[in-house]
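Residue numbers (the numbering used here): 18 to 402.
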Amino acid sequence: MIPYGRQNITADDIRAVVDVLESDYLTQGPNVPKFEQAVAESVQADFAVAANSATSALHIACMALGVGKGDIVWTSPITFVASANCALYCGADVDFVDIDLETANMSIAALEKKLIEAKATNQLPKAVIPVHFSGQSCDMQAMAKLAREYGFAIIEDASHAIGAHYNQRPVGCCEFSDIAIFSFHPVKIITSAEGGMATTNSPDLASKMSQLRSHGITRDADLLTRGHDEAWYYEQHGLGHNYRMTELQGALGLSQMSQLAENIIRRNEIRKKYESAFSTREAVNHLTVNNNLTSSCHLFVIQVAAEQRLALYNHLRSHDIIANVHYIPVYHQPYYQNMNKKFDVCPNAETYYSQAISIPLFPQLTDAEQEFVVAKIDEFFEGKT
Ligand SMILES: *Cc1c(COP(=O)(O)O)cnc(C)c1O
């Protein structure tokens, strides 16, 4: 079976996790802070706050920015539901900005148009959550300009994009955003089994997020409101959650950081091989990676005629190639459809979704396996199914 994505666990990773099991701390020990520091350094951000998932990290990011009832948050419809759910957890309303067909990233033109309309009706968003689809950064410089003009915060959903670069700097450096979020779910670039992280350059947001991931509690002497002599003393300042990452996850994530650079190179190699294989195949299109940046290549999405997509998916499956579709537009979900609010249809998201299919891309995919995938796609379009 060839899945669309798969983790790569090394002997060093296994040893790192076993070492934790034999140590004094299964949680709240030294590994999570080390993993946070490694990510902060790697992405050139001042602070990194680990959580038990990217979903949790998105939630505390929204909370730290003060997103609440009566606020509006915008994201892309072509994403995992978590990018939108995080705002709903805070009691805010969600709306969706259409994508560009070339990249499946949030369209700056669509965003600007929607902002102009929202300003006229006094419905401007408190925060916008762009998603770096498949590991390619959105146009953050243009988005930050709009953020200044219209006064919204930016949380980058960089779940796909650790190791990616934009404008000569790592995604997550937050040059053009308030907070960036990474996921370490096993299908993502590197993994901590479950796990996520928020990076920021704001000491205030970092401090808020680290309290919110642990019940709203602090032991930081500078933040305590009452004088005390007791070493056990702590204070709860807000209503947080238990979103802490375990030491097992921290050790695994830290160990996985050592394969990040090589992993991105290999993923791009596989992407380029697919691109050249499909360059002469008219029935198969694919998303475009901009030459001015480095994608982390989380996914390779091909686009075929909508009428052929399901048959191609089933054809691949019959040969044990487990493709996938990323993503069903979030507002299609029954939960969203059943809300009081009616969502505008995003035409590009609809077109994209009807044609997209993600084919296998992960560092351990062998050349022979990749050639097999291409051959089976060729076979489908030559009618030799
Ligand atoms: C995977 C993913 C998430 C959620 O990540 P978890 O770590 O599984 O919570 C959020 N947004 C996007 C775009 C993702 O791909």
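Every residue gets a Cβ at the ideal spot worked out from N, C-alpha and C, and that includes glycine.
Take ILE171, set aside five residues on each side of it, and the residues of its chain with a beta-carbon closer than 6 angstroms to its own are VAL145, ALA164, SER194 and ASP195, in chain order. The Cβ atoms of VAL204 and SER154 lie no closer than 8 angstroms to each other.
Taking all protein chains in view, the Cβ of LYS136 is surrounded by fewer than 16 other Cβ atoms within 10 Å, so the residue is classified as exposed. DSSP places ASP384 within a helical segment (H, G or I) once states are collapsed to three.
With the rule of 3 Cβ pairs closer than 8 angstroms, the region 259-279 counts as touching the region 205-215.
By the CB criterion at 8 angstroms, ILE198 and GLY213 fall inside the cutoff. Distance from the C-beta of GLY213 to the nearest heavy atom of ligand 1 is below 7 angstroms. The beta-carbon separation of SER375 and HIS336, rounded to 16 angstroms, does not stay under the 8 angstroms limit for a contact. In the DSSP assignment, the residues bridged to ARG186 are TYR183. Ranked by how close their Cα comes to the Cα of THR72, the residues GLY85, LYS51, VAL90 and ALA99 have ALA99 in first place. MET356 places its beta carbon 8 angstroms or farther from that of ALA67.
Taking the Cα positions, GLU399 is about 46 angstroms away from LEU132. Counting the other Cβ atoms within 10 Å of the Cβ of LEU256 gives fewer than 16, which makes it exposed. Residue pairing of GLU173 in beta bridges, as defined by DSSP: ALA197. Checking the DSSP bridge columns, you'll see ASP337 has no partner listed.
DSSP, reduced to helix, strand and coil, places GLN54 within a helical segment of the structure shown.
Separation of the CB atoms of ILE339 and MET18 is rounded to 6 angstroms, and the pair is thereby assigned contact status at 8 angstroms.
Under the three-pair Cβ rule at 8 angstroms, the region 376-384 counts as touching the region 277-291. Around the CB of PRO346, 16 or more other CB atoms lie within 10 Å, so the residue is classed as buried. Of all alpha-carbon atoms in ASP221, GLN54 and ASN280, the one lying nearest the alpha-carbon of GLN24 is that of ASN280. In summary, ASN48 is buried, with 16 or more beta-carbon neighbours lying within 10 Å of its beta-carbon over all protein chains present. When only Cα atoms are considered, SER219 and GLN387 end up about 43 angstroms apart. DSSP places ASN122 outside both helix and strand once states are collapsed to three, so it counts as coil. Taking 8 angstroms as the cut-off, the beta carbon of VAL34 is found no closer than this to the beta carbon of LEU329.
With fewer than 16 other Cβ atoms from the protein chains shown falling within 10 Å of its own Cβ, LEU43 counts as exposed.
When C-alpha distances from HIS202 are compared across ALA159, GLY267 and ASN102, the shortest belongs to GLY267. Non-local beta-carbon contacts of ASN308 in its own chain, meaning distances under 6 angstroms to residues more than five positions away in sequence, are absent. Counting along the chain, MET226 sits inside the alpha helix (DSSP H) bounded by residues 220-229. Residue nearest to GLN158 within the set LEU38, ILE116, ASP221 and ILE125 is ILE125 (criterion: CA-CA distance).
Put simply, the region 74-94 touches the region 102-109. At least three CB pairs are less than 8 angstroms apart.
Residues CYS107, GLY108 and ALA109 of the same chain have their beta carbon placed closer than 7 angstroms to that of GLY85, with the five preceding and five following residues left out of the count. Separation of PHE397 and VAL306 (C-alpha to C-alpha, rounded to the nearest whole angstrom) is 25 angstroms. CA-CA distance, PHE64 to ASP221, rounds to 10 angstroms. With a cutoff of 7 angstroms, ALA65 does not count as near ligand 1, since its C-beta is closer than that to no heavy atom of the ligand.
In the three-state reduction of the DSSP assignment, MET160 falls in the helix class, which pools H, G and I.
Going by C-alpha positions, ARG186 is about 31 angstroms away from SER231.
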